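Asker: With positions in the sequence shown counted from 1, the corresponding number in this note's numbering is that position plus 1420.
Heads up, the beta-carbon is just placed ideally off N, CA and C, and yes, glycines get one too.
Please read these numbers as outputs of a predicted model, since none were measured by experiment.
Below is the structure I would like to discuss, written out as structure tokens.
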Amino acid sequence: ATAYHHWEEIHQVKTASKMKAYRSSVISINAMLLPLLLGTNPVQSFLSPSHNSLSKTSCMFPPSVSTELSMAKSKTTKKKKASSSGLKGFGSSSSASSKSTAGGTIDRSQSALKFYDYLQRNGGGDNLKRVGLGYFPLQIGPNEEDVIQLRGVIALRDISKGEPIIEIPYEMALDLGRENADPTLPATALLQKYCAWRSNSDGPPGDKERGDYFAMLPPYLSDDCLGSTDFFSDEALEMLQSPMIVEETTSRRELVQARYERDVQPMAEMSSNLYRWESSKEGDDADSNIATQSHLQWASWIITSRVLTVQGSPESNTANRVLIPLIDMCNHDRDSPHILTGRAMPGGMLKVLAGVDVKSGDAINIGYGGNVEGNDRFIQDYGFLDAGGSKERGEKTKGNGEFVAEAYKIVAKKLLGKGRTTAKLTVEEEERALEALGETSLKHDEELLASGKVVKSDERMALEYRIGVKNGYTVLW
1421 ATAYHHWEEI HQVKTASKMK AYRSSVISIN AMLLPLLLGT NPVQSFLSPS
1471 HNSLSKTSCM FPPSVSTELS MAKSKTTKKK KASSSGLKGF GSSSSASSKS
1521 TAGGTIDRSQ SALKFYDYLQ RNGGGDNLKR VGLGYFPLQI GPNEEDVIQL
1571 RGVIALRDIS KGEPIIEIPY EMALDLGREN ADPTLPATAL LQKYCAWRSN
1621 SDGPPGDKER GDYFAMLPPY LSDDCLGSTD FFSDEALEML QSPMIVEETT
1671 SRRELVQARY ERDVQPMAEM SSNLYRWESS KEGDDADSNI ATQSHLQWAS
1721 WIITSRVLTV QGSPESNTAN RVLIPLIDMC NHDRDSPHIL TGRAMPGGML
1771 KVLAGVDVKS GDAINIGYGG NVEGNDRFIQ DYGFLDAGGS KERGEKTKGN
1821 GEFVAEAYKI VAKKLLGKGR TTAKLTVEEE ERALEALGET SLKHDEELLA
1871 SGKVVKSDER MALEYRIGVK NGYTVLW
């Protein structure tokens, strides 16, 4: 499925396998099925709807620049295995978030300083007067020590509503060609450039110049990408209890395999400079350092999680897939008021405009997926579960007063044929989805999660996903 993040003239896209042609239908659902999968009494469930209100959580990214900010220090602990959901984005932890704290610290690591120099060299230096990369304390559990550091974009001074927060020249962006539904095509182009930098192979000078930007991308097989179903085990996929996610994930993997066998492997075998993941050493086998199919899978995930679809010139009526340094480092916040605008054309400027007044030390976040997508897309395309949504939009809570994230309600509405979604399911697909969720009750799932018996991160994330979806049903009755 392809889902768009709507901006003024620039869209964030989650490109994945080709969107099916779904037909809209009115679904008739067995009224007894939902209570059974939730482990509740059918009559009580429909007569006593619980009321839900959504919690607001926000996410952030890395720090930068020599400007000094006076911000509160935060504790850092190891990631907690108890949860893998939460609002996240580029360079973030794989742990869950329930709330975030204000203020952050500037990132002055060696890689960050090189990235700031890269911005300076390529016409983006003025941004460093306004923003940098930073770390923000994020509460992931009930205890005081349950805090991780989340990397994101941080404001270095106050910025008034309507002013630009980030401005990146189009020429600095990496244009990966026309928009289409197959992420493996731009992924091959990205992988080739990334490998040329990583292995120090011969290639266009511009590709090596981007090395300080490439170094900021989530590494191969890092926690960030492993949160995506693209890297789930078969057991974890089964635990999702979602036939549609499993089928799309399988389709995406098949696309990667076909692209690798058709384009990457033959080109790598023909040229000693193409698609080399590591630098060649004396005595190495000629093909030992060729990028693997798994590397292409990683590059495809970079496309689905970070590429922005940007409209071209007004005359062209086209849209291109573009990686935009710094802008693509903004984390996700479903309630972000900021506006992204610009055109993919020579001389164009790609911007994030302040939707509200920004204070020094604030995280600069944007809303992924146009703020209309649910966690069925987030777990596939971004590799995390969105636990956010403002209380103002939430109308109901579970019976115990806990908030149910809007991203789960969106999935529940889709499976029930309700609400605004980018794709309608057929009656057969909805029935299959509900039947799969009914394999276990909500009570059983919550007890299993609390038991600590599920320790593998992908399996735990799958369990959290199906619990969230079932909780979403409770607020729709």
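For the segment 1747-1776, list the beta strand (DSSP E) runs that are entirely contained and at least 3 residues long, ordered along the chain.
Answerer: With a minimum length of 3 residues, the continuous beta strand (DSSP E) runs that stay inside the segment 1747-1776 are 1759-1761 and 1769-1773.
Asker: Using a Cβ-Cβ cutoff of less than 7 Å, which residues in the same chain neighbour GLY1892 once the five nearest sequence positions on both sides are dropped?
Answerer: So the list reads VAL1824, TYR1828, LYS1829, VAL1831 and ALA1832, once near-sequence residues are dropped.
Asker: Whole angstroms are fine: how far does the CA of GLY1803 sit from the CA of ILE1723?
Answerer: When rounded, the distance between both Cα atoms is 12 Å.
Asker: Whole angstroms are fine: how far does the CA of ASP1595 sit from the CA of GLY1545?
Answerer: So the alpha carbons of these two residues sit roughly 20 Å apart.
Asker: Between LEU1539 and PRO1766, which are expected to be in contact by the criterion C-beta below 8 Å, what is the C-beta distance as a whole number of angstroms?
Answerer: The Cβ separation is near 19 Å, so there is no contact.
Asker: Alpha carbon to alpha carbon, what distance is there between GLY1790 and ARG1797?
Answerer: Each residue's alpha carbon lies about 12 Å from the other.
Asker: May I have the straight-line CA-CA distance separating GLU1674 from SER1662, to the nearest angstrom?
Answerer: Rounded to whole angstroms, GLU1674 to SER1662 spans 19 Å at the Cα level.
Asker: Is TYR1898 helix, strand or coil when you go by DSSP?
Answerer: This structure cannot speak to residue 1898, because the chain is shown only from 1421 to 1897.
Asker: Quick one: give me the first and last residue of the beta strand (DSSP E) that GLN1612 is part of.
Answerer: GLN1612 -> not in any beta strand (DSSP E); alpha helix (DSSP H) instead, spanning 1604-1618.
Asker: Within its chain, find whatever has a CB closer than 8 Å to the CB of SER1619; leave out the 5 residues flanking it on each side and keep chain order.
Answerer: Once the five neighbours on either side are set aside, the close Cβ partners of SER1619 are ARG1696, TRP1697, GLU1698, SER1699, SER1700 and ASN1709.
Asker: Drop a sphere of 10 angstroms on the beta-carbon of LYS1838, count the other beta-carbons inside from all chains shown, and report buried for 16 or more, exposed for fewer.
Answerer: The residue is exposed, with fewer than 16 neighbouring Cβ atoms inside 10 Å.
Asker: Spatial neighbours of GLU1655 within its chain, please: CB distance less than 7 Å, with the 5 preceding and 5 following residues excluded, ordered by chain position.
Answerer: GLU1879, listed in sequence order.
Asker: For ALA1780, which residues in the same chain have their Cβ closer than 8 Å to its Cβ, ignoring the five residues on either side in sequence?
Answerer: Here residue 1780 turns out to be Ser, not Ala, going by the sequence shown. Excluding residues within five positions, the ones whose Cβ falls inside 8 Å are LEU1489, ALA1575, LEU1576, ARG1577 and ASP1578.
Asker: For a test of the three-state rule: what should DSSP assign to ASN1600, helix, strand or coil?
Answerer: If DSSP states are grouped into helix, strand and coil, ASN1600 belongs with coil.
Asker: From which residue to which residue does the beta strand (DSSP E) around PRO1562 run?
Answerer: Unbroken run through PRO1562: none, as it is neither H nor E.
Asker: Examine the ligand ZN and report whether any of its heavy atoms sits within less than 7 Å of the Cβ of THR1604.
Answerer: By its list of ligands, the structure shown contains no ligand whatsoever, and the ligand ZN lies outside what it can speak to.
Asker: Name the DSSP bridge partner or partners of GLU1587?
Answerer: Paired residue(s): LYS1771.
Asker: Give me the residue from SER1671, LYS1581 and ASN1542 with the minimum Cα distance to GLY1626.
Answerer: Looking at the Cα atoms, ASN1542 is the closest of the given residues.
Asker: Could you pull the start and end residues of the beta strand (DSSP E) that ALA1739 belongs to?
Answerer: First-last of the beta strand (DSSP E) with ALA1739: 1739-1743.
Asker: Quick check: the Cα distance between GLY1787 and GLY1888, rounded to an integer number of angstroms?
Answerer: About 20 Å.
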